[in-house]
Structures are given as structure tokens and as C-alpha cells.
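Residue numbers (the numbering used here): 34 to 179.
Ideal placement from N, C-alpha and C gives every residue a C-beta, glycine not left out.
As the structure is a computational prediction, the values presented were derived from the model and not from experiment.
First up is the structure itself, then whatever we jot down about it.
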């Protein structure tokens, strides 16, 4: 805990102890599992979700992509005109997730199913069962590491 009761997240207490699917952990070089169907399914679903969200946030008919003046930085969207600039201000991730259109829910369900399959769980596993399984796996792995 941080100051008062503010939660503090650190890599050692939050991310390094997270029980990722066996064989897909960060200590395994990505090249070692690049052909693993589980990794491919997760990557494909995540890429699709990102593409859909990016398309919604910055519709190609509203923006043009320009290079940053500093080499190495990604291109950035610039509104095509004043009308697009006004419309783009209404396109935020918060508004998108509050509206939760069917295409967004479906993309998340596809990603969730790919992740569940990577763990060997049923694709329709409940959130409560997911949390219980992750906790059990974390406890098992932390005991094995001692």
C-alpha cells in the first residue's frame, strides 16, 4: 500500500507474480512460442480488438496520419478538417466502453476465449471461476518457487 490506503502496483508484486499460461510467460523468449497455436490465437484476437478500436477512435475518413518531427516516434492522426476535429473529440475510449457496442463486446469475448483456451479452461468460464483459478495457479507457482 502507498500513502494512506492508496494501492501501489509494482512489477515485482503485480506483474511478475501473475500466473500467465504455461509456456507463454515473459521469461520464455517469444521466438520459442511464436508457432504455438495458443499464442497465435491470443495475438490474432488482440490485434483484431486493437484494429477495431483504432478504427473507431480515428476513422480513416476523418484523419490523415502524419510523421512526427522526431525520428522513431509513431505516426499520429490529424483531423482532416474542423468538422472531423469536433467529431473526434467525442471519440474516447471511455465513451466507447461505456456504450459497449456489440462489435466491441464480441472482440473482447473472442480474446477472452483465446486466453481461456491457453490456460486449458472452458471458453465460457465465469469471471469468479477465472479469478479463483488464477489465484490457485499463483499460489501453486509461488510455493514451487520457494
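- A residue is called buried when at least 16 other Cβ atoms come within 10 angstroms of its Cβ; residue 41 does not meet this threshold and is exposed.
- CA-to-CA, the gap between residue 177 and residue 154 works out to about 22 Å.
- Residue state for residue 111 is assigned as strand, using DSSP reduced to three classes.
- Taken in chain order, the complete beta strand (DSSP E) segments of 3 residues or longer contained in the stretch 81–111 are 96–99.
- Secondary structure of residue 148 (DSSP, three-state): helix.
- A Cβ-Cβ distance of about 6 Å is found for the pair residue 75 and residue 151, placing them in contact under the 8 Å criterion.
- When the Cα atoms are used, residue 113 and residue 91 turn out to be separated by approximately 11 Å.
- Distance from the CA atom of residue 137 to the CA atom of residue 38, rounded to whole angstroms, is 34 Å.
- The C-beta distance from residue 50 to residue 159 rounds to 23 Å, too long to fall under 8 Å, and the pair is not in contact.
- Here the alpha carbons of residue 162 and residue 105 stand approximately 43 Å from one another.
- Annotation for residue 54: 71, 151, 152 place their beta carbon closer than 7 Å to its own, counting only its chain and skipping 5 residues before and after.
- Taken through DSSP and simplified to helix, strand or coil, residue 158 comes out as coil.
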